[in-house]
Structure formats: C-alpha cells, structure tokens
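Asker: Take a look at the following structure, please.
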Amino acid sequence: GTPLKKIEVNKNLPVVVEAQELIYNDKKRQAVYIGSVVAQHGSTVITGDKLIIYFGPAKTRITKIVVEGNVHVKDPRGEGWCDELIYYPMQEKVVLLGNAKLKQGKNVLIGDKIIAYRDGRVEVVGLKQKVKTVIYPQESRVGNGNSTRP
Amino acid sequence: MRRKLYRLAVLLAFLSLLPLVLFLSRREEPPLKVKVKVHQRQTIENFTLESTGKRVWTLSAPEAQMVDKDKIYLKEPVLTVYLKEPVKIYADSAVYFRDKGIVDLISPRLVTANYTAYTGRGVYNLKTATFKSLTTCTATAPGKGSTVGASCTVKVDKGVVIIKGKVKSVLYGALK
Numbered sequence: 016g017t018p019l020k021k022i023e024v025n026k027n028l029p030v031v032v033e034a035q036e037l038i039y040n041d042k043k044r045q046a047v048y049i050g051s052v053v054a055q056h057g058s059t060v061i062t063g064d065k066l067i068i069y070f071g072p073a074k075t076r077i078t079k080i081v082v083e084g085n086v087h088v089k090d091p092r093g094e095g096w097c098d099e100l101i102y103y104p105m106q107e108k109v110v111l112l113g114n115a116k117l118k119q120g121k122n123v124l125i126g127d128k129i130i131a132y133r134d135g136r137v138e139v140v141g142l143k144q145k146v147k148t149v150i151y152p153q154e155s156r157v158g159n160g161n162s163t164r165p
Numbered sequence: 412m413r414r415k416l417y418r419l420a421v422l423l424a425f426l427s428l429l430p431l432v433l434f435l436s437r438r439e440e441p442p443l444k445v446k447v448k449v450h451q452r453q454t455i456e457n458f459t460l461e462s463t464g465k466r467v468w469t470l471s472a473p474e475a476q477m478v479d480k481d482k483i484y485l486k487e488p489v490l491t492v493y494l495k496e497p498v499k500i501y502a503d504s505a506v507y508f509r510d511k512g513i514v515d516l517i518s519p520r521l522v523t524a525n526y527t528a529y530t531g532r533g534v535y536n537l538k539t540a541t542f543k544s545l546t547t548c549t550a551t552a553p554g555k556g557s558t559v560g561a562s563c564t565v566k567v568d569k570g571v572v573i574i575k576g577k578v579k580s581v582l583y584g585a586l587k
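Okay, here's the thing in structure tokens:
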C-alpha cells in the first residue's frame with residue numbers, strides 16, 4: 016500500500032453531526048441522519064446525503080458509521096470522494112466504496128474500493144475499473160540547489 | 412256637609428292606597444331569565460386516571476380541575492406509560508381531552524431509560540402512544556450527548572425518535 020501520513024486524533028473530542036432530519040431507533044441502536052449531512056470529529060469532516068451511526072450493546076460506543084451519497088471526507092492528510100464510506104472506529108479503518116478517490120497533495124489514488132488505516136497504510140482495489148495511482152516522488156533539498164532524486 | 416265628608420273619606424282612602432301603589436310599582440321587576448351555563452369547576456386533589464384499553468398508562472396530578480365533561484386541567488401531571496421499561500412524561504401543566512384521547516402538555520419532559528426529551532409544549536396521543544412536540548426539542552442521553560431540532564416525534568412503544576429541522580447532535584466518548 017501507499018503510505019499516508021499518520022495523524023493523531025483526540026478521541027475525547029465529541030462527534031458533531033448536523034442534518035435536516037434524525038431518526039433514532041432505540042431497539043436497533045441506530046441513528047440515521049438524512050439530508051445535507053455534515054459530520055465532524057476533530058479535524059476530520061465528512062459530508063454526504065445520509066449517515067447511519069451504529070451503536071454497541073451499551074448504546075455508548077459507536078461501532079460503525081456509514082455515509083451514503085455524494086460522500087466527501089477531508090482531514091489534514093488530504094481528502095477523498097466516493098459513493099459510500101464506512102468507518103470502523105475500533106479498527107481505525109475507513110473504507111471508501113464506489114468511484115473511490117483519495118488525494119494527498121498531488122498524489123492521487125483511484126479505484127473501486129480504497130481502504131485507509133489510521134497508521135497511514137492504504138489499499139486500493141479495482142473491481143470494475145483498474146486501480147490508478149499517481150505518486151509524485153518527493154522533492155528532497157540537498158545543499159543549495161533543488162535536486163530531484165528518483 | 413255629608414257630601415264633603417264623603418269626598419274627604421274618598422280622598423283619604425285614595426291617599427292610603429298611594430303608598431301601596433308606589434311600593435308595588437317600585438319593586439324591581441323579576442330578573443330576566445338568563446340561561447347561565449353551570450360550570451363544573453370541581454377541583455380534585457390527588458387526581459389519578461388509569462387506562463382501560465390495550466395501552467396501559469396512568470395519568471396523575473396533585474390537583475385537577477374539571478373544565479367540562481371531556482376536558483380536565485391538570486397541575487404538575489405525571490403520565491406513566493407502561494412498556495417493558497416504563498416511560499414517564501412530566502409537565503408543568505396539561506389539559507387532558509378525554510374524547511380525543513390526548514394530553515396537551517406545557518414544558519413536558521419525556522424520560523425513558525436511555526434518553527430524555529424536552530420541549531416547550533407537546534401533545535401525547537394515548538391511543539397511538541406517540542408524543543409530538545410543538546416547539547423546538549432537545550433529546551439528551553446522559554453522558555453520551557444531545558441532539559437539538561426544530562421538532563420531535565417520539566413513538567414511545569417503538570422506541571423511535573424522529574427529530575426534524577436543523578438537527579445537530581453532539582456525541583461524547585462515542586469513538587473511544
């Protein structure tokens with residue numbers, strides 16, 4: 016996988032979600048946000064048409080977040096787009112499904128499925144379309160002049 | 412002479428009748444027949460009402476007033492809806508509409524095992540076990556966070572809360 020920068024996240028920070036409508040089902044332990052959804056946790060912001068939060072048995076911890084429709088995610092490392100995003104807090108893993116694209120600086124990853132881990136590892140899977148990765152070698156500065164090392 | 416005496420007697424007789432005539436004429440006429448609606452403003456202390464149908468609930472209040480046969484004003488009522496986990500609705504005051512089977516609540520607090528919902532005014536339908544807020548609504552889950560919206564509907568027996576309009580949730584410790 017192509018490494019992304021690792022970032023630290025303060026888990027004590029609240030998750031803030033804004034939308035037009037919320038349907039909370041106590042028995043299913045689900046909160047479904049519908050309409051212009053914006054979810055923020057620390058410096059990570061996710062937007063989409065619909066967001067579903069799945070709570071654990073005690074209804075305190077989030078076990079999974081699914082965002083559907085026009086998904087855009089942005090954090091200090093870069094940003095991503097896809098049709099559906101699934102976030103697993105416990106495994107610190109994000110899965111981008113459908114027209115998935117990740118961009119970090121000038122580097123771009125495109126595929127049907129992209130899995131990104133908090134430690135920076137990224138896997139790109141091509142199902143219907145080929146995986147496309149554009150990686151610009153990092154420019155390193157030696158002495159006075161700028162030299163590019165392959 | 413006799414004639415004079417006779418006239419004098421007639422005059423005296425007339426004069427003696429005058430006060431009676433005056434008295435009778437001054438007496439107020441009988442009051443107009445006005446149809447006065449009799450208000451049953453009967454105040455009941457320690458009021459308790461229990462459901463009889465499929466839905467099991469009790470409505471109690473330290474003080475209640477019968478406004479009319481289908482309308483009861485309640486002070487500081489508590490509505491308890493008996494489900495697997497009972498749900499309680501407290502309010503500053505309320506009006507119970509017997510014929511419609513609804514309770515119109517002022518400053519209601521709907522308390523369940525997992526969350527509490529607050530609003531300025533709301534209506535609880537005893538038949539459908541549904542609470543609808545008429546003003547902005549806040550739902551909080553102790554230690555977990557809260558959600559605010561323009562209005563909320565709580566399907567008490569199904570454990571479903573629908574919040575609409577400018578919804579904002581703040582969830583704490585949910586990603587630990």
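Those protein sequences? They're chains A and B, same order as listed. Counting from 1 along the first sequence, just add 15 to a position and that's the residue number in the numbering used here. Counting from 1 along the second sequence, just add 411 to a position and that's the residue number in the numbering used here. Even for Gly, the Cβ is constructed at its ideal location relative to N, Cα and C.
1. Can you look up proline 473 of chain B in the DSSP assignment and give me helix, strand or coil?
2. I think leucine 470 of chain B touches valine 514 of chain B, with their Cβ atoms under 8 angstroms apart; what is that distance to the nearest whole Å?
3. Does the distance from the CB of glycine 560 of chain B to the CB of leucine 37 of chain A come in under 8 angstroms?
4. Taking C-beta pairs closer than 7 angstroms, name the residues in chain B that proline 29 of chain A reaches, listed in chain order.
5. What residues from chain B crowd round isoleucine 67 of chain A, counting only those whose CB sits closer than 7 angstroms?
6. Mind reading off the beta-carbon distance from isoleucine 129 of chain A to leucine 111 of chain A? Whole number of angstroms is fine, and I expect it under 8 angstroms.
7. Is it buried or exposed for leucine 516 of chain B, if we count other Cβ within 10 angstroms and need 16 for buried?
8. What first and last residue would you give for the beta strand (DSSP E) that runs through arginine 520 of chain B?
9. Beta-carbon separation of valine 81 of chain A and alanine 54 of chain A under 8 angstroms?
10. Which parts of the segment 475-562 of chain B are runs of the beta strand (DSSP E), unbroken and 3 residues or longer, counting only runs that do not cross its ends?
11. Please list, in chain order, the chain A residues whose beta carbon lies closer than 9 angstroms to that of asparagine 525 of chain B.
12. Going by CA-CA distance only, name the one from A:Pro104, A:Lys89, A:Asn114 that's closest to cysteine 97 of chain A.
13. Mind pulling the chain A residues with CB within less than 8 angstroms of glycine 570 of chain B?
14. Inspect the beta-carbon positions of valine 498 of chain B and tyrosine 484 of chain B and report whether they are closer than 8 angstroms.
15. So valine 498 of chain B contacts chain A; which residues on that side make the cut at Cβ distance below 7 angstroms?
16. Rounded to whole angstroms, how far is the Cβ of valine 47 of chain A from the Cβ of lysine 65 of chain A, which I believe are closer than 8 angstroms?
17. Let's see if you can read the secondary structure: which residues bound the beta strand (DSSP E) around leucine 116 of chain A?
18. Could you name the residues of chain B that glutamate 33 of chain A contacts, counting a contact when the two beta carbons are closer than 7 angstroms?
19. Could you pull the start and end residues of the beta strand (DSSP E) that leucine 28 of chain A belongs to?
20. Would you say glutamate 138 of chain A reaches chain B, if we count a Cβ-Cβ gap shorter than 8 angstroms as a contact?
21. Looking at chain A, is there any beta carbon in it that lies within less than 8 angstroms of the beta carbon of glycine 533 of chain B?
22. Answer with yes or no whether the minimum CB distance from lysine 575 of chain B to chain A is below 8 angstroms.
Answerer: This is what the structure holds:
1. Here proline 473 of chain B carries a strand assignment [DSSP, helix/strand/coil].
2. Yes, they are in contact, since the Cβ atoms of leucine 470 of chain B and valine 514 of chain B sit about 7 angstroms apart, within 8 angstroms.
3. Taking the C-beta atoms as reference points, leucine 37 of chain A is found nearer than 8 angstroms to glycine 560 of chain B.
4. Neighbourhood of proline 29 of chain A in chain B, by CB distance below 7 angstroms: Gly556, Val581, Leu582, Tyr583, in chain order.
5. Per Cβ cutoff of 7 angstroms: no residues; isoleucine 67 of chain A is ~13 angstroms from chain B at best.
6. Between isoleucine 129 of chain A and leucine 111 of chain A a beta carbon distance of about 4 angstroms is seen, short of the 8 angstroms cut, so the two are scored as contacting.
7. Counting Cβ neighbours within 10 Å, leucine 516 of chain B comes out buried, since at least 16 surround it.
8. 520-522 is the span of the beta strand (DSSP E), which, as asked, contains arginine 520 of chain B.
9. No Cβ-Cβ contact shorter than 8 angstroms links valine 81 of chain A with alanine 54 of chain A.
10. 482-486, 489-492, 498-501, 504-508, 513-517, 520-522, 527-530, 532-536, 541-544, 548-552, 556-560, all fully within the segment 475-562 of chain B.
11. One finds Asp41, Lys74 in chain A with Cβ atoms closer than 9 angstroms to the Cβ of asparagine 525 of chain B, taken in chain order.
12. Of A:Pro104, A:Lys89, A:Asn114, the residue nearest in Cα terms is A:Asn114.
13. Asn40, Asp41, Lys42, listed in chain order.
14. For valine 498 of chain B and tyrosine 484 of chain B, no; Cβs fall outside 8 angstroms.
15. At a C-beta separation below 7 angstroms, valine 498 of chain B has no neighbours in chain A, since its nearest C-beta there lies roughly 11 angstroms away.
16. Contact holds; Cβ gap of about 7 angstroms.
17. Rather than leucine, the amino acid found at residue 116 of chain A in this sequence is lysine. Lysine 116 of chain A -> beta strand (DSSP E) spans 108-119.
18. Here the neighbours are Val578, Lys579.
19. It is not in any beta strand (DSSP E) - leucine 28 of chain A carries neither H nor E in the DSSP assignment.
20. Closer than 8 angstroms: no.
21. No - not a single Cβ of chain A is within 8 angstroms of the one on glycine 533 of chain B.
22. For lysine 575 of chain B, a Cβ of chain A is located within less than 8 angstroms of the residue's own Cβ.
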